[in-house]
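Everything below concerns the one structure shown next.
In the working numbering, the protein residues as written are 401 to 525.
Given below as structure tokens:
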């Protein structure tokens with residue numbers, strides 16, 4: 401998602417946001433058999449006895465965003481104010497929530513914030 405708002409010709413605000421949710425459950429987990437060169441698949445790979453009852457799954461959530469304010473205070477000279485934020489969580493099970501629940505959970509996670517200031521000045525003599 402991307403959004404740009406121009407306050408004036410020399411001042412803009414840009415917002416970038418990327419939500420990401422991925423989840424799944426493993427099934428029919430197999431391991432290499434004692435005869436790895438067997439002709440058919442079932443002889444080459446056998447069910448994994450450790451994971452047969454509970455193969456597990458995954459649930460990965462991530463949100464990244466950047467907000468950039470740019471102001472050209474003189475021709476060729478610019479001030480940038482940047483705020484970056486990231487949130488993520490990963491669990492070893494799919495979970496019981498649907499897509500909406502997982503997406504809203506992103507905003508309950510503790511964020512990692514970064515603030516940056518960049519000033520460029522054009523020397524003209």
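Beta carbons are placed, not taken as given, at the ideal position from N, Cα and C, and that holds for glycine.
Environment of residue i [buried if 16+ CB atoms lie within 10 Å]
i, result
"residue 461", "buried"
"residue 459", "buried"
Cutoff 6 Å; reference residue i; Cβ partners in own chain excluding five residues on either side
i, result
"residue 401", "417"
"residue 471", "411, 479"
"residue 515", "483"
Own chain residues within Cβ distance below 7 Å of residue i, not counting five before or after
i, result
"residue 419", "463, 503, 506"
"residue 499", "421"
"residue 468", "414, 480, 482"
For residue i: DSSP bridge partner residues
i, result
"residue 519", "479"
- What are the complete beta strand (DSSP E) segments, minimum 3 residues, inside the segment 404 to 446? 411 to 425, 430 to 432
- Item | Cβ contact (3+ pairs, closer than 8 Å) linking the segment 502 to 518 and the segment 439 to 450 | Contact fails between the segment 502 to 518 and the segment 439 to 450, because fewer than three Cβ pairs, one in each stretch, are under 8 Å apart.
- Query: Are there three or more Cβ pairs, one per stretch, closer than 8 Å when the segment 421 to 439 is compared with the segment 476 to 485?
  - Reply: no
- Query: Does the segment 401 to 412 come close enough to the segment 483 to 494 to have 3 or more Cβ pairs within less than 8 Å?
  - Reply: no
- Task: With a floor of 4 residues, list each alpha helix (DSSP H) that falls wholly inside the segment 443 to 513, ordered by position along the chain.
- Result: 499 to 505
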